[in-house]
Amino acid sequence: MDIKNNITNFSKELSKSDCKLVAVSKTKPIILLKEAYDAGQRIFGENKVQEMTEKHSELPDDVLWHMIGHLQRNKVKYIAPFVNLIHSVDSKRLLEEINKQAFKNDRIINVLLQMHIAEEETKFGLDKAELLELLYDIDLPEMKNIKIVGLMGMATFTDDQDQIRNEFRNLKIIFDEVANEDTPENVEMIELSMGMSGDYQIAIEEGSTLIRVGSAIFGSRN
Ligand SMILES: *Cc1c(COP(=O)(O)O)cnc(C)c1O
0 MDIKNNITNF
10 SKELSKSDCK
20 LVAVSKTKPI
30 ILLKEAYDAG
40 QRIFGENKVQ
50 EMTEKHSELP
60 DDVLWHMIGH
70 LQRNKVKYIA
80 PFVNLIHSVD
90 SKRLLEEINK
100 QAFKNDRIIN
110 VLLQMHIAEE
120 ETKFGLDKAE
130 LLELLYDIDL
140 PEMKNIKIVG
150 LMGMATFTDD
160 QDQIRNEFRN
170 LKIIFDEVAN
180 EDTPENVEMI
190 ELSMGMSGDY
200 QIAIEEGSTL
210 IRVGSAIFGS
220 RN
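Numbered by numbering that gives the first Met the number 0, the letters in the sequence shown go through residues 0 to 221 in order.
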């Protein structure tokens, strides 16, 4: 893979839109992240706490680290000092833990709520009713050290482009709806994280502001 060339091409492609690139570097060695960094990439996405913590210590401080994978509550403390955005929050208990650890670090941590939009069964992600329940939870306004800045979703793993488009479109509709709701001060719906290597073009057309791209930049993973 020509990482530098890939990053350059994505920057060109995205310069016409409001969408930013999260370079998903999970399982890839630090030398490849440095190549991407040298080509100008600053947002990196990882899905494991330990891997992200190690890589954080080896790259410059201006890298923005995004946690995109399922996050266990007992591991929040390891990334709380530096994480820039957590894409994968889908419970009140996890929100509370992030708030607690952010407070300890004297920070406000930005998070996205992960929505379940695919037809595949998974235990991760909220449906619309659960999203509204969280946004109107009586305890949310008191969580001063978190900020909910948007939603994240993953489309079904399928070749059916219409289905993928419909899933992204439905997520965007929910996003627009809650963006217009009267939510607490620590909720500001501005980011919509959707689209990966196989479907990012559709995601951009459907209103994504953050695409999470791994293999199209770094090559396939084992
Ligand atoms: C791995 C991963 C990606 C990137 O997948 P690619 O198909 O390699 O682009 C995006 N989002 C999440 C949540 C991931 O776990």
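Glycine included, C-beta positions come from ideal geometry on N, C-alpha and C.
Whether residue i touches residue j by CB criterion (8 Å)
i, j, result
"V21", "V212", "yes"
"K54", "L32", "yes"
"L111", "I145", "no"
"F156", "H69", "no"
"M114", "L130", "yes"
"G152", "E190", "no"
"F43", "S24", "yes"
"D126", "K91", "no"
"Q100", "V75", "yes"
"L209", "K19", "yes"
"F167", "M193", "yes"
"V82", "I107", "no"
"I29", "N46", "no"
"N4", "A215", "no"
"I203", "Q160", "no"
"A154", "I116", "yes"
"I97", "A38", "no"
Identity of the residues DSSP links to residue i by a beta bridge
i, result
"F43", "A22 and W64"
"N109", "L84 and K146"
"G152", "M114"
"R211", "V21"
Residue range of the unbroken alpha helix (DSSP H) whose run includes residue i
i, result
"M51", "V48 to E57"
"S214", "S214 to F217"
"L93", "K91 to K103"
"V82", "It is not in any alpha helix (DSSP H) - V82 carries neither H nor E in the DSSP assignment."
"E204", "Y199 to E204"
"T7", "I2 to L13"
"R72", "Premise fails: R72 is in no alpha helix (DSSP H) and is neither H nor E."
"A128", "K127 to L134"
"E123", "Checking the sequence, you will find Phe at residue 123 rather than Glu. F123 -> no alpha helix (DSSP H), and no H or E assigned at all."
"N169", "Q160 to A178"
"I137", "Premise fails: I137 is in no alpha helix (DSSP H) and is neither H nor E."
"D37", "I29 to D37"
N-terminal and C-terminal residue of the beta strand (DSSP E) that residue i is part of
i, result
"I189", "V186 to S192"
beta-carbon residue i near ligand 2 non-hydrogen atom, thresh 7 Å
i, result
"A215", "With respect to small molecules bound, the structure shown includes ligand 1 and not ligand 2."
*Contact between the stretch 194 to 201 and the stretch 45 to 54: three or more CB pairs below 8 Å?*
no
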